[in-house]
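Heads up: the structure comes next, in structure tokens.
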Amino acid sequence: ISVVEIEDVDLAACCGIHVMETSEIGAIFVDKKTSAGKDGFEIHFKIGDEAIAASMRLASSCLSIIDGLGSKPSDIEKTVANMKAELESARKQLKAAVSQSIKNLEPASINGVEIYSGVFSTSDRTVLTDAAENIKKKGGVAVFVGQGENLSVMIASGNPKVNCKEILSDVLTSFGGRGGGKPDFAQGGVQDVSKADEVLASLMDRIKRTLENA
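Position 145, counted from 1, in the sequence shown is what the numbering used here calls 149; the numbers after and before it change by one each time, with no gaps.
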């Protein structure tokens, strides 16, 4: 379509089909809004019978969601807003709890290198990454496994003897996972969340042997 603009008066979508009266168009339904590059967007709409069918499908979906949430049509916007607020609050609390758990970790010392490791119930890589980077800056090694829908695994090392990329890739491959990164920081994933403790133990064993044989 083309967009026809009468400056300061009107802005209209034109698909090239003209009518004598606007009543011939029938229903108009905006069913989607998408990004169209920087500072731009596209508005998708349907007319006539297609507009009615699209609006009915959306109404049916909305009613199904409303019923599933145990809400009422008049209250659904407030219900969703409350759910979003509660979810954000829960995320912040979980992030704080994970952060505190990391602070409480007692490091293992191998040949003078401090290694911090643990399994955490979170899919938020940010808090794990921040902590791992801080440990790396102090010359230590961090080995973290996050449990979400799958396992998020990361290693950070401030000691050049520990090649994070090589160790992570080798270990995760044996669990059907994969990973990559740099010698001082690598991350990856494993689908089977029940393997969290085994993955951590394998990583720690590999790092221990690396440092002891260095």
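Every residue gets a Cβ at the ideal spot worked out from N, C-alpha and C, and that includes glycine.
Item to complete: Have a look at Lys99, Lys142 and Ala200 and flag the residue whose alpha-carbon is nearest the alpha-carbon of glycine 116.
Response: Reading the sequence shown from its first residue, position 112 is the one you call residue 116. Among Lys99, Lys142 and Ala200, the Cα nearest to that of glycine 116 belongs to Lys142.
Fill in: Nearest to valine 197 (by Cα), restricted to the options Leu207, Asn154 and Gly183
Position 193 of the sequence shown, counted from the start, is the residue given in the question as residue 197. Of the candidates Leu207, Asn154 and Gly183, the one whose C-alpha sits nearest the C-alpha of valine 197 is Asn154.
Worksheet item: Since serine 161 sits in a beta bridge, which residues does DSSP pair it with?
Response: What you label residue 161 is simply residue 157 of the sequence shown in a count that begins at 1. In DSSP, serine 161 forms a bridge with Val145.
Item to complete: Could you tell me the distance, in whole angstroms, from the CA atom of alanine 55 to the CA atom of serine 127?
Response: In the sequence shown, the residue the question calls residue 55 occupies position 51. In the sequence shown, the residue the question calls residue 127 occupies position 123. Taking the straight line joining both Cα atoms gives about 40 Å.
Practice prompt. Report all residues from its chain with a CB closer than 6 Å to the CB of glutamate 46; omit the five preceding and five following residues, and keep chain order.
Written response: Here residue 46 refers to the residue found at position 42 when the sequence shown is read from its first residue. The answer, listed in chain order, is Thr38 and Ala40.
Worksheet item: So, valine 147 versus glutamine 191, is the Cβ gap smaller than 8 Å?
Response: By one-based count along the sequence shown, residue 147 stands at place 143. By one-based count along the sequence shown, residue 191 stands at place 187. No; because the gap between Cβ atoms is not below 8 Å, this pair is not in contact.
Worksheet entry | glutamate 137 versus alanine 89 - alpha carbon distance | Here residue 137 is taken as the residue at index 133 of the sequence shown, counted from 1. Here residue 89 is taken as the residue at index 85 of the sequence shown, counted from 1. Roughly 30 Å between the two C-alpha positions.
Discussion item. To the nearest angstrom, how far is the alpha carbon of serine 64 from that of valine 84?
Written reply: On the sequence shown, residue 64 is found 60 positions in, with the first residue counted as 1. On the sequence shown, residue 84 is found 80 positions in, with the first residue counted as 1. Whole-angstrom Cα-Cα distance: 17 Å.
Worksheet item: Taking C-beta to C-beta, are leucine 91 and valine 149 nearer than 8 Å?
Response: Walking along the sequence shown from the start, residue 91 turns up at place 87. Walking along the sequence shown from the start, residue 149 turns up at place 145. No, Cβ-Cβ distance for leucine 91 and valine 149 is not below 8 Å.
Fill in: Host beta strand (DSSP E) of glycine 192 (start-end)
The residue you call residue 192 lines up with position 188 of the sequence shown. Taken as a continuous stretch (DSSP letters only), the beta strand (DSSP E) holding glycine 192 covers 189–194.
Worksheet item: Grouping DSSP H, G and I as helix and E and B as strand, with all else coil, what is alanine 31?
Response: Numbered from its first residue, the sequence shown carries residue 31 at position 27. Looking at alanine 31 - three-state DSSP - the assignment turns out to be coil, as it is neither helix nor strand.
Worksheet item: Count the other CB atoms within 10 Å of the CB of cysteine 168; is the residue buried (16 or more) or exposed (fewer)?
Response: Taking the first residue of the sequence shown as position 1, residue 168 is located at position 164. When all chains shown are included, cysteine 168 counts as buried.
Worksheet item: alanine 205 by DSSP, collapsed to three states: which one?
Response: Sequence index remark: in the sequence shown, residue 205 carries index 201 (1-based). Alanine 205: helix per DSSP, three-state reduction.
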